[in-house]
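Only one structure is covered here, and it is reproduced in the block below.
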Amino acid sequence: MAPMIIKCPKCNKVLSVKAGPGTLVLCPFCRHKMRVPAGQSGTAGKAQSSPKSAAKPSQAGQDDFTPYALQQSPEPPGAPKKRASDKAAEAAPDEDLTDEEFGMDREYVRRRRMKAKQKASQEAKRLWIRIGVIVGLQVLLGILGVLHPLFQLASLAVSLIVANIGFIWYLVVVGREEGAQQVLLNLFVPFYEVYYLITRWHLVWQPFVFAMAGAVPLCCQCIAGLVLYGGVLAFLFFLRGAP
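In this text, residue positions in the sequence shown follow our numbering: the first is 50, and each later residue adds one.
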């Protein structure tokens, strides 16, 4: 089927669609649904004059929606046969598509999702590399802290800085995705941050894990310091009270 040139009545964009007259199509720019008008000029002349398109007119009350842009062309002779799983995926309805992807070509959506997964995987690798470097630095400072107290203070400072950076990153992601209202709720409503983490884990897991890379060592160092100095004070009081 030759592409037809139509104009979106809402955003006035010129579109090239492979659909017959009367078919419901979706504008990729403004998401406006419209039907391909009959008697369209341009490259649609051959498609309208073909007997197949005239023999199967689209009913006005039927939502015979076809994706805009690309449509699959017939397979060339000698092409490898598609597997049953591929045919089932092509014939499956668009229930798994999001509102943004609705109406797009399924092959384009598949490639777009694959690219998004690759990008997310690369970001996750970079995050774990940063966390590994931070943990290694904290372990090194902890070992050197046995030799001099200044290294212990440096380890505490690194943990505190990392925890604050992760928390600020978390708030930035929340504000960018859902607005300032959610930021205020996370800041001032008790236990709302726990609810937000559980329900939006896919959005905020990276800043949360980064913040934990600083918060967990910081808490451990504080607890260890309290136990150590508390033991020293108890020993001193024991020596003073001993006869």
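Note that CB positions come from ideal geometry on N, CA and C, so glycine has one too.
These numbers come from a predicted model, not from an experiment.
Are the Cβ atoms of residue i and residue j separated by less than 8 Å?
i: C76; j: L64; result: yes
i: A262; j: I210; result: no
i: P86; j: I55; result: yes
i: Q187; j: S208; result: yes
i: R84; j: G69; result: no
What number of angstroms, rounded off, separates the C-alpha of residue i from the C-alpha of residue j?
i: L223; j: V276; result: In the sequence as displayed, the identity of residue 223 is Val instead of Leu. Their backbone Cα atoms lie some 37 Å apart in a straight line.
i: L288; j: F200; result: 30 Å
i: S170; j: L193; result: 35 Å
i: R161; j: P58; result: 28 Å
i: A273; j: G279; result: 10 Å
i: I183; j: L73; result: 55 Å
i: A165; j: A173; result: 12 Å
i: A283; j: W218; result: 42 Å
With a threshold of 8 Å on Cβ separation, who are the neighbours of residue i within its own chain once the five nearest residues in sequence on each side are excluded?
i: C60; result: C76, F78, C79, H81
i: L220; result: V232, N235, L236
Please indicate yes or no: does the CB of residue i lie closer than 7 Å to some heavy atom of the ligand PLP?
i: R160; result: Inclusion of the ligand PLP in the displayed structure is not the case, the ligand content being empty and no account of it being possible.
If residue i sits next to residue j, beta carbons under 8 Å apart, how far is it from one beta carbon to the other, in whole angstroms?
i: S229; j: L267; result: Note that residue 229 corresponds to Ala in the displayed sequence, not to Ser. Contact flag wrong, Cβ pair sits at about 28 Å.
i: L196; j: F259; result: Not a contact, Cβ separation roughly 29 Å.
i: G191; j: S204; result: 5 Å
i: K67; j: P52; result: 5 Å
i: N235; j: E242; result: 5 Å
Is residue i buried or exposed, if buried means 16 or more other CB atoms sit within 10 Å of its CB?
i: Q255; result: buried
i: F237; result: exposed
i: Y244; result: exposed
i: Q167; result: exposed
At the 8 Å Cβ level, is residue i part of the contact set with chain B, yes or no?
i: A273; result: Among the chains of the structure shown, chain B does not appear; only one protein chain is present.
Between residue i and the rest of its own chain, which residues show a CB-CB distance below 7 Å, the 5 nearest in sequence each way excluded?
i: L246; result: V253, F257
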